[in-house]
Structure formats: C-alpha cells, structure tokens
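Student:
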Amino acid sequence: MNEIASFIIAKYNYWIYIVLMMIGLYAMIVKNNLVKKIIGMNIFQTAIILFYVSIGTKRGATIPIIYHGHGDGSHAVHATDYINPLPHVLMLTAIVVSVATLGVALAIALKVYRRYNTLEEDEIFTQIRRK
Amino acid sequence: MTQHLPAIIIVVPLLSALLVAVFGWIKKTICFVIALPAMGIVFLSSIVLFYKVITENQPIIYFLGGWSPPVGIAYNIDHLSSLVLVLISGVTLAHLIATRQTVIEEFTNKVSAFYTLYILFVTGLMGIVATGDAFNLYVLLEIASITGYAMIGMNSGRAYLACFNYIIIGTIGACLYLLGVGYIYLVTGSLNMLDIASILPGLVDSKVVPAAFIICMVGLMVKMGLFPLHGWLPNAYTYAPSSVSTLMAPLTTKVMIYVMVRVALYVFTPVLSFSVIKPGNGFTWIAVAAIIMGSLMALSQQNIKKMLSYIVIAEVGYMVGGLWLGNRMGITGAILHIVNDAVMTLCIFLAVVSFSSYKKRDKLSDFQGAFKEMPVTAAVFCVAAISIIGVPPTCGFFSKWYLISGGLAAGHYAFVAALLFSSLINMVLFFRIIEIAYFEPFSDHHGKKHHVKIAEASPGLLIPLIIVACMLIILGLYTDELVTHVISHAIPAEIV
Amino acid sequence: MIWQLDIIILSFVVICGIAAITVRDLLGAAILFGAYSFMMCLLWAEMGAVDVAFTEASVGAGVSTVLFVAAVFRTSRRSKD
Amino acid sequence: MEMIESIKPLLAVLISVVVVVPLIIISRRPNTREAWTFVAAVGKFILVASMLPVILDGSEITCTVASVLPGLDIAFRVDAFGMLFALVSSSLWIVTSVYSIGYMRGLDEHSQARYFSFFALSLSATIGVAFSANLLTLYLFYEMLSFATYPLVTHHQDIEARRSGRKYLLYIVGSSIALVLPAMIITWQLTGTLTFSPAGILGGQASPAVVTMLLFFFLYGFAKAGLMPFHSWLPAAMVAPTPVSALLHAVAVVKVGVFCILRVLTGVFGIKLLADLNLGTVVAVLASITIITSSLIAMSQDGLKRRLAFSTISQLSYIILGAAILSPKSMTGGMVHIAMHAFGKITLFFCAGAIFVATGKKYISEMAGIGKQMPITMTAFFIGALSVIGLPPCGGIISKWNIAVGTLETHQAGFLVVLLVSSILNAAYFLPIVYKAFFCGPEETLFPDKIKEAPLWCVVPLVVTAVLSILMFIFPQPFLTLAKLSVGTLFINP
Amino acid sequence: MKKLGLIIVLICGSLMLYGTIDFPDWADPSSPASTHLSPYFIETAMHDTAVPNIVTAVLADYRGYDTMFETTVIFAAGLACFFLLRRFQRRAPDVNLFRHMPTGITLRIKKGGKVPVDSSEFERIDSIWVPYDLIIKTTCRLLIPFILLFALYVIAHGHHSPGGGFQGGVILGAGIILYAISHNLRAAKARIKERFDAYMCSAGVFIYVGTGVLCLLMGANFLDYSALAPLLGTDPIMARSHGILIVEIGVGIAVMAVMICLYYNLSSAGRQDEGL
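If you're matching them up, the sequences are chains C, P, R, X and Y in order. Per the working numbering, the very first residue in the first sequence carries number 2; after that it's consecutive. Per the working numbering, the very first residue in the second sequence carries number 90; after that it's consecutive. Per the working numbering, the very first residue in the third sequence carries number 3; after that it's consecutive. Per the working numbering, the very first residue in the fourth sequence carries number 962; after that it's consecutive. Per the working numbering, the very first residue in the fifth sequence carries number 11; after that it's consecutive.
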C-alpha cells in the first residue's frame, strides 16, 4: 500500500497532466460551442506544456540562470545545480504556437459566427441541412 | 556555396514570403513575380541537393547555427528526404504557375497575404522533410498547419466549419506528436533523430517507448487523415478554395506519410518498429479498412472534389499499409507511392480546376459536354485517372505493383485484395465521370455534328497541366532508376 | 519546490480547467481560462521554469484572455453547454 | 536460334502512335487525314513484313526499350507466333482503314478524327501485344488496347453506347486488374522473371494448387478472349460502328485475348507443366463448353452482328482448344486459326456493314432476297461463312483439320466430336442466311430488283478479304510455316 | 454523444496512464532527460555565448532555428488572422455616435447626417455605448509608458533574467492593446496604423532571418552568430551574445506587431472600425 502511495506521489505531476489533457480532449470532442472547443484545445496544449516542464524539473536544483553571470568564469558550473533548460526552451516555442493557433481558431470562429449567427455546432448543422 | 544549399531551400522562400508581405501592400501583381523565382530557386536547389546526395551516396548534414547535433539542430538530407524535397518543390512550382489566374479570381484583394501564406506553407513542408530534429519538425508542422488552416478557411460557405474542425483535429494531431516527442525525450534526453535512433534500441524493455511510438503514430495518423481519423479531410478539401485544395491534397498527406516513414525507420529504427513493438499487422488492417472505406465513400459522392478527397483517403491507406507490411517491397511501394500519388493528385485536381475555369463544375452532372469543350484537359484528366486506377505505363501502376508484391511477400492477402478492390472502384469512379463528360448531352443515334465551341483553359494553366501529365508517364518509365538509385538506399539495410 | 504548494496549485489548475469548460457564460469561461493560465504560470514558476512562467503569464493569462474576450464580444456570450 | 537486336519492333509499334499527331492537327481536312491513316497502315505492314524473312530463317528479333522495374523491362521480342499475329493484324489494318473511310463517309459519322486516331492507337497496342517479350509488356499493351478501343466502341455516344461501353470496360479492364495483375505479380514473386520462355517459367517453381489458381486467373483475366462466362461484353460491344466490330473481332481485341492466353500457356506455364498437371484437358473442356454453348446461342440471334459475335466467341475457343490439346499438330492448327478466322470473320463483318450502309438493315429476318440487290457482298459473305464453318475452298479448313488431327494424335476423340458438332452448328446458323438472301424472294417489294451495292470503298475491302480467304486455302504456307516454326520451339523437349 | 466522448476520453486517459508507469520519477536528477543533453547546455552555455540565462542562450542560439520558425509561426498567425477576417469594403454604419467632450452629451447621427469629423470637441464613440470613464483613461495613460518601458527592459535584459524577445514583445503589444481598450480602436489605429503594423511584422521576422543570412554571407553556417564578430568588432563569443540580442529584438518587434494585428482584427471582426 505504501509502495503504491509513494509510486503515485513520485509521479503526481504526470498524473495531473493526463487529467488536464483529458479535460481538454473531452471539451474538444463533446462540447457544442466553438469557443468552448477552443478553450479545450488550449487546455490540451497547456497540459502538454506542463508535461514537458515536469520533465525538466530536478530535485535540489535552481532556475537555469547562472549565478555569477558577470564573474570571471572561474566558478565551476555543475549540471546538478540547475534545472534542465531544454524543455523550457521547447515550451516557449510551444506556447507561441498555441497562441498562434488560438488566434487563427478564433478568427475562424468569428467567421462561422458571421455566417451562421451562432456558435453552437448543432444549430449550424441544422442550418446547413435546411439548405 | 553549395554546402549551404540546405539552408537556402528554407531561407529563400522565407525571405520571399516577407518580401511578398511587404510589397503586396504596394502592388498586387508583384506577389507572383516575387514568388515565382523564389520557388524556382528552391526547385533548382533541391535538384542539386538530390543530385549531390545520389552521386556522393551519403546524406548531407547541415548544422544550423554551427552547433553540431545533438546540441544544435541539424538538417539531415538523405536519399529519402532529398527525393521528397524535389517532389514538393516541383509540385509547388507547377501549381504556382498553374493557379496564377485562379488565385487572382479567388482572393481579389488579399492576393499578397495569400501568397505569403502559400510560400510559408511550402517552407514548412520543406522544413519538415529536411529537418533532422524531432522537435523542429513539430514547429515546422505547425507552420504548415496554421498557414493551411488560414488558406482553407478563406472560402465562403461551409469552408468555415470544415476549417474549424480541421483546426481542432489538426491541433490534436500535432499535440499528440509533440507529446510523443516528449516521451522520447523523457527516456532518451535527446531530440536529434539520429541520436535518438542510437539510444532507443537500448531501451526495448521500457513501457514508455511503445507508448511514445503509439502516441506519435496516432498523432501523425490524425494529420494524414487515415481512416478512422479522417473526419476533417473531405470537407476541408472540398470546401477549400480550389487553388488551395489543389496544393494541399497532393502535399499535406504525402508529407505526413513521409514523416511517418521517417519516424518509423529513422527514429524508432526498424528493430523497434517492426520487431519489438510490432504494430505492423494492426496498422495494415487499419490501412485495409481505410482503403475499402475510402473507396466506398468515394463511390457515394456526387461532388467531384469530395469524391477525390475520399480517393486521397484511400491512397493514404495504400501508403500506410505498404509501410507497415514491414518488408522491403512494401516500404519501397509506400515511398514510391508518395511520389507518384503527389503527382497524380496534383494532376487530377488541376484538371478539375481547369474544367471549371469558365463554368463552375462541382457536381458530377456538371461535367456534361466537358470533353467536347476542353479536349486537352480531357486527355490530361484521362491520363491521371488511368494512373490512379493503376494501369501501365503510368506511374500509379508501378507503385501499386510494389505494394501488391509487398503484400504478397508478407502474406497479407487482405491488403492485396483491398488494393485490387480499390483499383476497380477507382475505375468505376473515373469512368462514371468520363461517361458523363464524354456522352452527355446525348446525341441522336448517328450523332450529327454538334458544333461545340472549344473553350480550353488559359495556357498558363494548360501547360503545367500537360507537363504534370507527362510526368506521370515519365515517372512510370523511370521507376527502375528511382528504385535502384534512390529508394533502395533510403530503406535501412536491416529490412529485407 | 515545495510539494504541498505544488499540489494545491495543481488542484486549482484542475478546478479552473473543469470550470472553464463547464460554465455556460462564455465571458466567464474566458476569464476562468485566464485564471487557469495564471495558475499554470504559478505552477511553472514554482517548478523553476521561470521563462516559461513569464511567457505563460503574458500570453496565456494576458493576451489570450483578451483575445477570447474580444472574440466573445464580437459573437455571443450564450452557450448551451 | 539467333537473336538479333533491332529497333524495328519498336518502330512498328510506334508508327501508328506517331500518326495520331498529324491526325489531330489536320482533323479538319478529311482527305489528308485519311491519307495519313493509309500511309501509316501501309508503313506498319511493310515494317512488319520486313522482319518476316529473318523470322522465317529461324531467328528472333529483340528490342529492349526501358527498364521500368529492377529486372523487368519493357521489351519486344519477335518470334514466329508473334510475327504471325502481327502479320494478320497489320495487313488487315490496311483493309479495314480503307473500309472505314467508306463506311464513315457513307454514314457521315461525327468525330472522324477521333475515330481514326484511336483506331491507330489500337493497332499500336495490338502489335505491341504481338511483339512483347514479357508479361509486363504484354499487360501494358493489353490495357492500352482496352482503353484505346473504348472510344471506338462507344463512338455513337448515345445511351446504348454508354451501356455497352460500361459493360465492355467492366469486363475487360476489371478482369485484367482483378485477375491478371495479381497473377502476374504472384508469378513474378515465385519465379523472379516474367520473360516468356518456350519451356515456361513456372515449371518447378510453384505447387500444383498455385499453378492451377494462376491458370484460372490468367484464363479468365484475359477476358478479351471471351471464354464463358466472361463473354457477354462482346455482343454488347456490337453497338460500335461496323469497322470497329470488324477490328474488334477479327484483328485486335478478341485475337489479342486469345493470343495472350496462348502466350501465357506456352510461355509462362510451358507445355510440360500443363501436361504434367493435366491442366491442358481442363482448359480444353472449358473451351469446348464455350464452343458448343455459344454456337447454340448464335442460332437464336436475329441481329446479324450479334449472331456474328456469338460465332466469334465459339471460334475463339477453337484456338484455345487447339492449344490446350497440347499436341504439336493442334497447336499449329490453333495458331493458324487466328489468321484463318480473322480473314473469314472480317469478311463477314464487312458484309454486315456494307448491308447496313446500303440498306440500313440490321436483322437477319429483314434480309430475305438481299442477295439479288447486293450480289457481290453476299457472295463474299458466303465465302466468309464457308471459311468460318471450315469448308473448302476456304482457309478455315486448314486450321480445323490440324486441330482435329491433333485430337486424334493425343487420343482425345471427345474434342473431335465437339469440333464436328460445332461445325455443323456453324453451318446451321450461317448457311440459312445465305440461302435466304439468294433464294427467298422478298414477301413484299422490300428490295427493288436493281443492283444497289454499298460504296466502292466498302465493297473493295470485302472482296479483297474474301479473295484472301480463298487464297489462304491454296497458299497457307506463310502462316503455316510460322506456326510450325513456333510450335517447333515449344515442343523441343516435351 | 456526451457519454461516448467521456468513454473515449477515459479510455485514452487510462492508456496514457499505463504508459507513464515506467516513467522516471518526477524531478529525478538522474533521469535521462537531465543527464544526456542538458548538462552540456548548463555547463558550457556561459562559455559559448556569454549569456547567463541558459534558456535564452539555448533558445536564441543553440536552437535558434526553432525560434526563427517560432517567430514565423506567430507571423503566419497574424497574417492568417488578417487574411481570414479583414473586410475592406467600407460600409458606413447606419448610426454614428458622437460625444461632445466638454459636456459629455452624446449625439446620435443617422446615415446621411452631417458628421463632425474634424472637430476637436466631438469624439466618435463605438455603437455599443460605453460611459465616459476618465479614471480608466487617465490611469491607463499613466501606466502604458511604464508598461512599454518594462517591455523594453524585458527584451534587453533577457540575457540575465527571465524574459526575452517574446515576452517583451507580448508586453509591448499588451501595452498598445490596453491603450486600444481604454480609449478605442480608432485611437489606437491612429497611433499604430494597420499598414505600419504589417510592416513591423515582416520587419521583425526579417531581422531574424536577415541576421541568419548575414552569417551565411560571412561564410559561416546559417544563424552562426560568431561569424558576425568582424562586423560587431568583438570576439566570437561576445558576437554570439550580441547576435542573440539582435534576434531577440527582431522577435520582440514581430510579436508586438502580431499581437496588435490579432487584437485589431479579432476585436472588430475584421472591420477595424469599432473595437472592444
């Protein structure tokens, strides 16, 4: 029992990212409202970013900015002292991509609204079918 | 300067996109003038790269930023990617010239924005093919996707909703790929494909590797529109502006399949992909379902573009199935079909655009009398149709030959049967159109001469169209060279 | 890293996420999404990813929310689900 | 045996493809256009004939065009059997093109440029099939022929033409994709080659079950041969203009089908394999069934062209039967029958066309007394019928005789009975037409008693082919020699 | 549909949970991710590029190529938004609202009525009436310069502290957006015109790509900033540091412009007439 508990605690970030991802996925699949879908999409993306950031963490390490930035370089830098910077870099890019996708998705949602005067998918389908 | 060619194929279009974006505000007609030489340079550079890779018989690796991998990002242009680079740039060049008039008609006052997105889209695809970094691939994938969404959404009517679905589903696909890369990174600590490939075989016991594999593959399958994850594809291609669907249909799915080939063979290595994880049989069955369902759905369509979209779905099944047969023949067939299908799809879509250059022809019944009015387009259409059906000497036959051989060698008879079934359905599909276009409106028994005025599309569209149609036959006749000099080197030696 | 804080924020994140997709008022959903992003940003800052947190704060909680609000303003606040 | 590299086979194939270009360009000037067709036809015949002496010497001509797959070329090889077939089709093209000119002008048909272009393409494909050195090349030209003849079959572009065209393509292309293609690939997988060899390539490479399966795939896959039950496209295709029907039946399409089957039987399976597995008899039985059934059906047809069509179906199976008996004599007979039947049947079709051009009649019941109006045509018809039935003094007897001798040689007398019965049936459905035409007076004055033949362009070809049919009886040497040469190579080591 | 979706989601979730069982423990310093590549970055980034913020160094130099495309993505998004939404046909609104500044009285002028365009006393307001809020306007006016200043600091100080071109660019854009919200869209457009904004988008990306091309022309690989040393008059390591700054500025400009473009188009549904 204890083992299971420690097993869960040891990876709880990873569990939560899956929960978030599934929340996003659920919104994207089930929700009828286009804006809700977009929110779901963003939650989905953020969950993945959370996953990456979780990869980067390191016990007993600090943020990846070197202490003696302006020193003479005589201070040896130990890899164990700093958090892994690479996932952060990747996720900066991913955040940018997500905001870009958000912009385009909202633009399309506006166009949908402009044409069908609603954001509900089922109402749009009935309008399409009626024609 | 030739050592910098890998950078040039990306930088030149990128710069030209910026130029188009700026000068497009000043003068609309200048956009095409900038885009054409840029794509020409890209095409020539790709050919030079292709030639270099073949003659030197080793991949060209280019360190971006001067950092050697795995620290930095590297371009890895080997036989496979150089082939696909030539394919993409060639298809784009032909398409760019062919649709000049259509673009002006469809995007009256947003031509410059369109061309910018267009070039960025192609840049993204070129980058996807050239890159040797798993994460870089994701970024480029998103460039291609976002520009693609925008271009598809720029049509009236149902395009919006189709495009919205495409965005949602496409994002899921791309994110799943990203997640898969994250899993790989978690267990290997690397992002460079070659580096990953050297580490992964040591991790066969980990459960994370199969999970990463499945997640990556599902993501890519969503992106390529493999049945049953194809939901976005038919509507997106059908309702997109015709100058966009003619570009996206040949390229997007094919590049995604290229990525699948690359990830399967060069990231996960054949050992993992075909021996340890062994998804092959399951994936091939999915492909069989895709082929059959795609063909049947195509049969029930009345809209020509929708019908072609479903054929695209079936063709995706061909390639995925061929890849996951896991033998040399099948993979050769899959790669060959990437090339052939891109050209075939371009040809058939352009022919449809050409048919509707004076009169909108969406429904199958709109094609009445089309052959009499446009004999040249009709001939091209027939060549493309024959190629898609798979009749020699057009190229479609030869890739099908390899795929069937692969299926027989692997003992996967259902796949073979599905291929043959789809060929037959394709024959029915195309001859249904040809019948309408050729026979109707009916004449009296001895068909006294109807004087139909020949109204061909503009030469700007016709000439690229004819060239593409000739390419179908030329590619077919040069299959041997292509296979022995290029594709056989692109497949790792351990695959038999 | 303080795991208690970590868990508290994580639970907030999940709550905000669920709330954002369940409220029927889209403007509310947009604001809740902003809150979600902000919680996420806190979480990342707490995990040591300062640059990512900074970006999320400015993009996710800032501009994204504004864009959502703008879009909702131009369409409708009503949502059936 | 000597192999000679030469580009001639390729030229012979290409000449009629090339001629399409001027045909399209000058489509507005009928005279020049038809001159081009004629020139191409004669040129093709000369090219083919120029290879004849070499072949008669016992050599073979080869020509490799392109290597399309590793180990698989598009290649030509002219051997005696191919030569025989090429000779028949190229010589008949000349006649047919002359006839076409008369027919098309006589009826003032539309889209004549398209018609002549696709006609030329079909001939290219036919010669390509005749000269192909391997199964892939054969398949290529086979498919090319299917698509090139589609616009010819559906030339009228009306609803009926569409229905028949649909049937035509579905049977021919469908069967070739669904059956021949996989069979070809399986063969390639098993043997690693597709090049025809006189000894066969499948021998010892596959289990009997697989061989049997492949045999059926090929037999029914080449649906152009009209082996029942894959025959019903042929009567449907009768909506085509008569020169096309003539081409379809006598020269290009159906003969290509049986040629392909013979090629596959001899070149892929090999006589020895077929004999060992006793598959020859199976094929022969299938062919016999087709012969008898279609002859019976033919008797009940009133449409002249439909009757001829069913007659063709039964005659084609003679050729397959001849090959399937697996004796040198009958094989020779089968091969020669390609030529003999071609001349006989084309005469019959030309006659049917000439009747249609002159009187507009399509049905046998309307033709009582027509012999008085069109004596030349009906005489030619009589000669053609004799040839097809297999009575002297026409060529048909030579091939049938050989097949019959073959059945006796191999002690398969059952098939002799089939031959005899079907000959009687042939007579039963042809001779009444002739009898009615000449000796039955029309009930009413349907035909005025003055002679009104079809245009000269139509009459001359049918006279020529009728005369040739008789000459075949007297001088069967060229074809007989070729067939014997070919059979000689096949039976070297039985 | 809801139940089906829930089932799909649960299945996916459980499959993914299964996949995580073999994960290295969270925050484990000996996981492959922390031992394979990242030690190189942590230990040598400072030597290679003279940038203490390793994230910035990796972002703009080691993986600068990614970042270039990141900028291109955002550029594409701005352009896409413009492409999809922008409507050029100027349809005069049926009703124009004008507020008389000194008194706060609102005039409602129907189509065809005389419009006080050039008057300094009248101000056009959006058709969805917003009360005249002096406090918000004044506060924002006071805040915005500091926001912009901070943004510039974030861009420039990205080498030493969290931040960089992207964050700074977003804040710059946010400052303008705040101005547009607190006043109105037309006022913001008067400051930053649409065309200028579009040029800035391209210019930002161009700075990035151009730097890379410059490196190419100097004979080094694409984006290898050390080749810029002769131009900048420094040693190659400092050249990398400066190169990073240059591209960060480019990123900042592009991101700012795109954020503004997104806001302009989304808030006005493409008319760019009346905003939020």
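By construction, the Cβ of each residue, glycine as well, lies at the ideal position given by its N, Cα and C atoms. Note that the structure is a prediction, hence the values are computed from the model and not measured.
Consult DSSP for Y/M248 and reduce its assignment to one of helix, strand or coil.
Tutor: Three-state result, Y/M248: helix.
Student: C/A62 by DSSP, collapsed to three states: which one?
Tutor: C/A62: coil per DSSP, three-state reduction.
Student: Given P/P95, which residues of its chain have a CB within under 8 angstroms of its CB, disregarding the five upstream and five downstream residues?
Tutor: Same-chain partners within the cutoff: L138, I149, Y151, Y164, I166 and A219.
Student: Which residues in chain Y have a C-beta closer than 9 angstroms to the C-beta of P/F203? List them in chain order.
Tutor: In chain order: F93.
Student: Run down chain C in chain order and give the residues with a C-beta less than 9 angstroms from the C-beta of P/Y164.
Tutor: Within 9 angstroms Cβ-Cβ: nothing; P/Y164 doesn't reach chain C, min ~18 angstroms.
Student: Just to check, is the beta-carbon of C/Y27 closer than 7 angstroms to a non-hydrogen atom of the ligand MN?
Tutor: As presented, the structure is devoid of all ligands, the ligand MN included, so that no description of it is given.
Student: Taking just the CA atoms, how far does Y/T82 sit from X/M1174?
Tutor: Taking the straight line joining both Cα atoms gives about 59 angstroms.
Student: Under 8 angstroms, CB to CB, which of the residues in the segment 131-154 of chain P have a partner in chain Y?
Tutor: Here the close residues are Y151, F152, L153 and G154.
Student: Going by the CB atoms, is the gap between C/V105 and P/I586 shorter than 8 angstroms?
Tutor: With chain P covering 90 to 585 only, the question about residue 586 of chain P has no answer from this structure.
Student: Counting only beta-carbon atoms, is Y/H57 nearer than 8 angstroms to chain D?
Tutor: Absent from the structure: chain D. Protein chains present are C, P, R, X and Y.
Student: If you draw a straight line from the alpha carbon of Y/E53 to that of C/R60, how long is it in whole angstroms?
Tutor: Looking at the two C-alpha atoms, the distance is approximately 18 angstroms.
Student: Would you give the residue range spanned by the beta strand (DSSP E) that X/D1034 belongs to?
Tutor: Counting along the chain, the beta strand (DSSP E) containing X/D1034 begins and ends at L1033 to V1039.
Student: Would you say C/T119 lies against chain Y (beta-carbon separation less than 8 angstroms)?
Tutor: Not one chain Y Cβ lies under 8 angstroms of C/T119.
Student: Would you mind stating whether X/I1138 and P/L513 have Cβ atoms separated by less than 8 angstroms?
Tutor: Against a cut-off of 8 angstroms, the Cβ pair of P/L513 and X/I1138 comes out as a contact.
Student: For the beta strand (DSSP E) holding Y/R118, just list the boundary residues, first then last.
Tutor: It spans I115 to K120 - the beta strand (DSSP E) in which Y/R118 sits, taken as one unbroken run.
Student: Does the Cβ-Cβ distance between C/L107 and C/I19 come in under 8 angstroms?
Tutor: Against a cut-off of 8 angstroms, the Cβ pair of C/I19 and C/L107 comes out as no contact.
Student: Looking at the structure shown, is P/N146 part of a helix, part of a strand, or coil, going by DSSP?
Tutor: Here P/N146 sits in coil by DSSP.
Student: Give me the DSSP bridge partner(s) of Y/F132.
Tutor: Per DSSP, Y/H110.
Student: By the DSSP assignment, the alpha helix (DSSP H) with X/C1312 in it spans what residues?
Tutor: Residues P1289 to T1320.
Student: Alpha carbon to alpha carbon, what distance is there between P/Q190 and P/A431?
Tutor: Roughly 22 angstroms separates the two Cα atoms.
Student: Leaving out five residues before and five after X/G1218 in sequence, what residues of the same chain have Cβ atoms less than 6 angstroms from its Cβ?
Tutor: Same-chain partners within the cutoff: F1183, K1185 and A1186.
Student: Just checking my contact of P/A127 with P/V101 at CB under 8 angstroms: how many whole Å lie between their CB atoms?
Tutor: Right, the Cβ-Cβ distance comes to about 5 angstroms (below 8 angstroms), so this counts as a contact.
Student: Considering just the uninterrupted stretch of the alpha helix (DSSP H) at X/T1025, what are its terminal residues?
Tutor: From DSSP, X/T1025 is part of no alpha helix (DSSP H) but of the beta strand (DSSP E) over E1021 to L1030.
Student: The alpha helix (DSSP H) that contains P/I402, what's its start and end?
Tutor: From DSSP, the alpha helix (DSSP H) with P/I402 extends over I393 to W413.
Student: For X/P1455, name the three-state secondary structure that DSSP assigns.
Tutor: Annotation note: pLDDT 43 at X/P1455 (below 50); position unreliable, no value reported.
Student: Going by Cα to Cα distance, which pick from X/V1134, X/L1381 and X/V1424 is closest to X/C1312?
Tutor: Comparing Cα-Cα distances from X/C1312 to each of X/V1134, X/L1381 and X/V1424, the minimum goes to X/V1424.
Student: Can you find the residues in the same chain that come closer than 6 angstroms, C-beta to C-beta, to C/P65, ignoring five residues on each side of it along the sequence?
Tutor: Around C/P65: Y83, I84 and P86.
Student: Give me whichever residues DSSP pairs with X/Y1324 in a beta bridge.
Tutor: Bridge partners of X/Y1324: X/G1264.
Student: Three or more beta-carbon pairs under 8 angstroms between the segment 275-295 of chain P and the segment 321-328 of chain P, yes or no?
Tutor: No, the segment 275-295 of chain P is not in contact with the segment 321-328 of chain P.
Student: On a Cα-Cα basis, can you pick out the residue from P/S135, P/P299 and P/A338 that is closest to P/M313?
Tutor: Ranking P/S135, P/P299 and P/A338 by Cα distance to P/M313 puts P/A338 first.
Student: Using a Cβ-Cβ cut-off of 7 angstroms (strictly less than) and excluding sequence neighbours within five positions of P/S488, which residues of its own chain qualify?
Tutor: Same-chain partners within the cutoff: G422, L425, H426 and N429.
Student: Report yes if the CB atom of X/V1067 is closer than 8 angstroms to the CB atom of X/A1415, and no otherwise.
Tutor: As written in the sequence, residue 1067 of chain X is Gly, which differs from the Val given in the question. Contact flag set, yes.
Student: CB X/M1292 to CB X/V1114, shorter than 8 angstroms?
Tutor: Taking 8 angstroms as the Cβ cut-off, X/M1292 and X/V1114 do not qualify as a contacting pair.
Student: Does any CB atom of chain X fall closer than 8 angstroms to the CB of P/F519?
Tutor: Chain X, which has no Cβ nearer than 8 angstroms to the Cβ of P/F519, makes this no.
Student: If you measure from the beta carbon of C/G41 to each beta carbon in chain Y, is any gap under 8 angstroms?
Tutor: It does not: the Cβ of C/G41 has no partner Cβ on chain Y nearer than 8 angstroms.
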